[in-house]
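**Student:** Encoded as structure tokens, here's the structure I'll be asking about.
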Amino acid sequence: MRIDALTIFPEYLEPLGAAILGRAQSKGLLEVGVHDLRNWTHDVHRSVDDTPFGGGPGMVMLPSVWWAGLSEVLELPASPQTSVVPAPSGDVGRRPLLVVPTPAGRPFTQQLAEEFATRSHLVFACGRYEGIDQRVFDATADYVDVVEVSLGDYVLIGGEVAVLAISEAVVRLIPGVLGNQRSHEEDSFSDGLLEGPSYTRPEVWEGIAVPEVLKSGNHARIDRWRRDQSLLRTAERRPELLVDAELDKVDVEVLRSGGFGQLADDLAH
1 MRIDALTIFP
11 EYLEPLGAAI
21 LGRAQSKGLL
31 EVGVHDLRNW
41 THDVHRSVDD
51 TPFGGGPGMV
61 MLPSVWWAGL
71 SEVLELPASP
81 QTSVVPAPSG
91 DVGRRPLLVV
101 PTPAGRPFTQ
111 QLAEEFATRS
121 HLVFACGRYE
131 GIDQRVFDAT
141 ADYVDVVEVS
151 LGDYVLIGGE
161 VAVLAISEAV
171 VRLIPGVLGN
181 QRSHEEDSFS
191 DGLLEGPSYT
201 RPEVWEGIAV
211 PEVLKSGNHA
221 RIDRWRRDQS
231 LLRTAERRPE
241 LLVDAELDKV
251 DVEVLRSGGF
261 GQLADDLAH
């Protein structure tokens, strides 16, 4: 996979070369390019924004600068008006994906991370101020796939934090990046539920013991205990996730005995 990011603060994205993402690059599983958007400006002030049409607060990032940068990184025509034959829209995986972090985008979920992980080329457009002129994405969509995504119902100063979060969520799903494949197969949300608690040595810490079942060596019991803990944690913190989760009669009874009787009744019907 290749990841490119266009930003006016390239130093913000230095962590893309660290930890697991850095190791993925050293293994040849990932390529990363961070590009300074100001390299495509043509005035002495290296301007990337201007006042919004229709008035209002803030500034909007210039379409000309963004198109210049994206056209080079994505190998698009110098002008969106140029007559070319776009890549076929059905060629999923080969067609680059332009990811635009924005509070107005669709929620970023584990399912979306899994979809992104099937792509060979992700390009991130890190907006600032009041965002990027919409015409950039309207024009780019003629040549590549474009998706606007949101990390949550809050507003960040820019898209860089989202790039780091999304990149980590996606890259760890690439085969060979993590040492143990089960690490992401058992993650929160992988089966529609939150992941349960984890424990390590010592067996007793500050008078608090590790649950006995985890020391039993009985893998069936351990798996059941972990499933139960996952169900109860999800019911307590994110009960709406259980509506779409695959639950059997044992799961429903676990919820009932765990103090979530009304929820269990709702799910049983």
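Note that UniProt numbering gives residue 80 to position 80 of the sequence shown, counting from 1, and the numbers run on in steps of one. All C-beta atoms, glycine included, are put in the ideal place defined by N, C-alpha and C.
1) List the whole-angstrom C-beta distance separating Pro63 from Val149, where the pair is believed to meet the contact cut-off of C-beta under 8 Å.
2) Can you list, in chain order, the residues of its chain whose CB lies under 6 Å from that of His121, leaving out five sequence neighbours each side?
3) Please name the residue, chosen from Trp205, Leu255, Leu164 and Leu231, that lies closest to Glu11 on a Cα-to-Cα basis.
4) Can you look up Pro239 in the DSSP assignment and give me helix, strand or coil?
5) Can you tell me which of the three DSSP states Phe260 falls into?
6) In this structure, how does DSSP classify Arg38 when only helix, strand and coil are distinguished?
7) If you run the structure through DSSP and keep just helix, strand and coil, what is Gly158?
8) By the DSSP assignment, the beta strand (DSSP E) with Thr140 in it spans what residues?
9) Pull up the distance between the alpha-carbon of Phe53 and that of Arg226, whole angstroms please.
10) Can you give me the C-alpha to C-alpha distance between Asp191 and Ala245, rounded to a whole angstrom?
11) Ignore the nearest five residues each way along the sequence and tell me which others in Val170's own chain have a CB closer than 6 Å to its CB.
12) What did DSSP end up calling Thr118 once you bin it into helix, strand or coil?
13) Between Gln111 and the rest of its own chain, which residues show a CB-CB distance below 7 Å, the 5 nearest in sequence each way excluded?
14) Terminal residues of the continuous beta strand (DSSP E) containing residue 278?
15) According to DSSP, simplified to helix, strand and coil, what is Pro63?
16) Going along the chain, which residues of its own chain have a beta-carbon closer than 7 Å to the beta-carbon of Glu160, five neighbours each way excluded?
17) Please name the residue, chosen from Pro211, Gln25 and Ala235, that lies closest to Arg201 on a Cα-to-Cα basis.
18) Going by C-alpha distance, which of Thr102, Ile166, Trp205 and Ile208 is nearest Leu156?
19) For Arg119, count the other beta carbons within 10 Å of its own beta carbon; 16 or more makes it buried, fewer makes it exposed. Which is it?
20) Which word fits residue 270, buried or exposed, when buried means at least 16 other C-beta atoms lie within 10 angstroms of its C-beta?
**Tutor:** In terms of the structure at hand:
1) In the sequence shown, the residue the question calls residue 63 occupies position 63. In the sequence shown, the residue the question calls residue 149 occupies position 149. Not really, about 20 Å apart at Cβ, beyond 8 Å.
2) If you number the sequence shown from 1, residue 121 lands on position 121. For His121, where only same-chain residues beyond five positions count, the Cβ hits under 6 Å are Arg2 and Pro96.
3) To locate residue 11, count along the sequence shown from 1; it is residue 11. It is Leu164 whose Cα lies nearest to the Cα of Glu11.
4) Numbered from its first residue, the sequence shown carries residue 239 at position 239. Here DSSP, grouped into helix, strand and coil, assigns Pro239 to helix.
5) As a working mapping, residue 260 is identified with position 260 in the sequence shown. Residue state, collapsed to three classes: coil.
6) Residue numbering aside, residue 38 sits at position 38 when the sequence shown is read from its first letter. Three-state result, Arg38: helix.
7) Locating residue 158 in the sequence shown gives position 158, counting from the first residue. Correct three-state label for Gly158: strand.
8) To locate residue 140, count along the sequence shown from 1; it is residue 140. Segment Gln134 to Thr140 is the alpha helix (DSSP H) holding Thr140; no beta strand (DSSP E) there.
9) Residue 53 sits at position 53 when you count from the first residue of the sequence shown. Residue 226 sits at position 226 when you count from the first residue of the sequence shown. Looking at the two C-alpha atoms, the distance is approximately 55 Å.
10) Within the sequence shown, residue 191 is the residue found at index 191, counting from 1. Within the sequence shown, residue 245 is the residue found at index 245, counting from 1. Note on geometry: alpha-carbon atoms of Asp191 and Ala245 lie some 7 Å from one another.
11) In the sequence shown, counting from the first residue as 1, residue 170 sits at position 170. Beyond the five residues adjoining it in sequence on each side, Val170 comes within less than 6 Å, by CB distance, of Ala113, Phe116 and Ala117 in the same chain, given in chain order.
12) Within the sequence shown, residue 118 is the residue found at index 118, counting from 1. Of the three classes helix, strand and coil, the one that applies to Thr118 here is coil, per DSSP.
13) Numbered from its first residue, the sequence shown carries residue 111 at position 111. Excluding positions up to five away in sequence, the list is empty.
14) The structure shown has nothing for residue 278, since the chain only spans 1 to 269.
15) What you label residue 63 is simply residue 63 of the sequence shown in a count that begins at 1. Here Pro63 carries a helix assignment [DSSP, helix/strand/coil].
16) In the sequence shown, the residue the question calls residue 160 occupies position 160. Closer than 7 Å at Cβ, skipping near neighbours: Thr7, Phe9, Tyr12, Leu13 and Cys126.
17) To locate residue 201, count along the sequence shown from 1; it is residue 201. The option with the nearest alpha carbon to Arg201 is Pro211.
18) Your numbering for residue 156 matches position 156 in the sequence shown. Comparing C-alpha distances from Leu156 to each of Thr102, Ile166, Trp205 and Ile208 shows the shortest one belongs to Thr102.
19) To locate residue 119, count along the sequence shown from 1; it is residue 119. Buried, because 16 or more other Cβ atoms sit within 10 Å of the Cβ of Arg119.
20) Nothing can be reported for residue 270, as the shown portion of the chain is limited to 1 through 269.
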